[in-house]
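For reference, the structure discussed in these notes is given below.
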Amino acid sequence: MSYEFIYFDLDDTLLDHKSAEAAGLKDIHAHFDFFDEVSAEKLINVYHQVNSRQWSLYSQAKVSREELQRNRFELTLKELGLNSARYEEVGNQYMQFYRNHWQWIDGAKEAFYKIVEKYPVGILTNGFAETQRKKFEAFDLYHSAETTVISEEVGVLKPHPDVFNHATELAGVDSDNILYVGDSFGSDVIGGTKFGWNVAWFTENGEPEKHEKAHFVFNDFIKLKNLLKV
Ligand SMILES: [Mg+2]
Numbered sequence: 000m001s002y003e004f005i006y007f008d009l010d011d012t013l014l015d016h017k018s019a020e021a022a023g024l025k026d027i028h029a030h031f032d033f034f035d036e037v038s039a040e041k042l043i044n045v046y047h048q049v050n051s052r053q054w055s056l057y058s059q060a061k062v063s064r065e066e067l068q069r070n071r072f073e074l075t076l077k078e079l080g081l082n083s084a085r086y087e088e089v090g091n092q093y094m095q096f097y098r099n100h101w102q103w104i105d106g107a108k109e110a111f112y113k114i115v116e117k118y119p120v121g122i123l124t125n126g127f128a129e130t131q132r133k134k135f136e137a138f139d140l141y142h143s144a145e146t147t148v149i150s151e152e153v154g155v156l157k158p159h160p161d162v163f164n165h166a167t168e169l170a171g172v173d174s175d176n177i178l179y180v181g182d183s184f185g186s187d188v189i190g191g192t193k194f195g196w197n198v199a200w201f202t203e204n205g206e207p208e209k210h211e212k213a214h215f216v217f218n219d220f221i222k223l224k225n226l227l228k229v
């Protein structure tokens with residue numbers, strides 16, 4: 000298989016979103032006195048539940064981005080029995096702390112730059128445009144990536160085919176010559192393969208029947224470098 004264009008997902012593929020999110024939540028837990036009533040672990044657990052539910056509603060266009068950003072902290076505070084009126088302050092502070100913890104996934108930076116030397120690459124990400132653009136700047140991705148696609152700017156989220164269609168048009172190659180590197184089974188593996196892309200799934204686990212859906216499965220960027228002979 001010869002790939003003519005490599006797209007990368009951003010969060011938890013190139014950048015370690017999960018760790019940054021947990022660290023940002025621990026920081027707000029330490030920052031606001033009223034969190035003393037609950038443990039940081041409890042805050043993280045409740046936030047995850049609330050946030051994933053809100054993202055699911057957002058992906059179905061049942062809540063707006065503004066509602067998502069409000070609800071995820073307001074409902075977390077409510078659920079924890081804390082003063083939910085402070086959601087805005089907590090949310091803003093969280094975003095500041097979250098940014099301080101952004102970093103590459105182990106091995107991803109080296110692999111990414113090796114791949115950039117040999118292939119045209121793009122970034123295709125869900126997430127808030129404002130936040131994702133800041134990541135592109137912080138990690139100098141605008142220079143190395145020929146295309147950057149943020150689902151919010153397309154109007155629908157991965158795995159919606161419109162996102163992949165838009166990204167394919169920008170890449171200027173046929174769908175089956177694109178390799179997508181991503182960590183989400185639903186958004187990346189299913190979304191990408193349904194559109195005719197090849198998908199390299201970055202995952203630690205995954206049942207065998209899920210592995211079969213992807214063209215390549217890896218848990219170490221050295222394996223991706225080997226696949227692409229870089
Ligand atoms: Mg991801």
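Heads up: the sequence shown at position 216 corresponds to 215 in numbering that gives the first Met the number 0, and the numbers run straight through without jumps.
The C-beta atom is built at its ideal place from N, Cα and C for all residues, glycine as well.
Owing to the predicted nature of the structure, the values given are computational and were not obtained by experimental measurement.
Contact test: residue i Cβ vs ligand 1 heavy atom, cutoff 6 Å
i, result
"Ser-18", "no"
For residue j and residue i, believed in contact at Cβ under 8 Å, the rounded distance
i, j, result
"Val-229", "Ile-114", "5 Å"
"Leu-223", "Ala-110", "6 Å"
"Ile-27", "Gln-68", "Ile-27 to Gln-68, Cβ: 15 Å. No contact."
"Tyr-97", "Ala-19", "6 Å"
"Gly-23", "His-100", "6 Å"
"Gly-90", "Asp-10", "The pair is not a contact, with the Cβ atoms about 18 Å apart (cut-off 8 Å)."
Beta-carbon proximity check, residue i vs residue j, cutoff 7 Å
i, j, result
"Phe-4", "Pro-160", "no"
"Leu-169", "Thr-202", "no"
"Asn-312", "Leu-178", "Given that the chain is displayed from residue 0 to residue 229, the structure contains no residue 312 and the question cannot be resolved."
"Val-162", "Ser-150", "yes"
"Ala-107", "Leu-13", "yes"
"Gly-181", "Asp-8", "yes"
"Leu-74", "Val-37", "no"
"Ala-199", "Phe-220", "no"
"Lys-25", "Ala-39", "yes"
"Phe-72", "Tyr-57", "no"
Quiz item: At a cut of 8 Å, does the segment 128–137 reach the segment 154–161 through at least three beta carbon pairs?
Solution: no
Quiz item: Is the segment 132–144 touching the segment 37–49 in the sense that three or more CB pairs, one from each, lie closer than 8 Å?
Solution: no
Quiz prompt | Distance cut 6 Å, beta-carbon to ligand 1 heavy atom: residue list by chain order | solution = Asp-8, Asp-10, Asp-11, Thr-12, Gly-181, Asp-182 and Ser-183
Exercise. Evaluate the contact criterion for the segment 200–214 versus the segment 180–190: three or more CB pairs, one atom per stretch, below 8 Å.
Key: yes
Exercise. Determine, using beta-carbon pairs with one atom in the segment 48–58 and one in the segment 24–38, whether at least three such pairs fall under 8 Å.
Key: no
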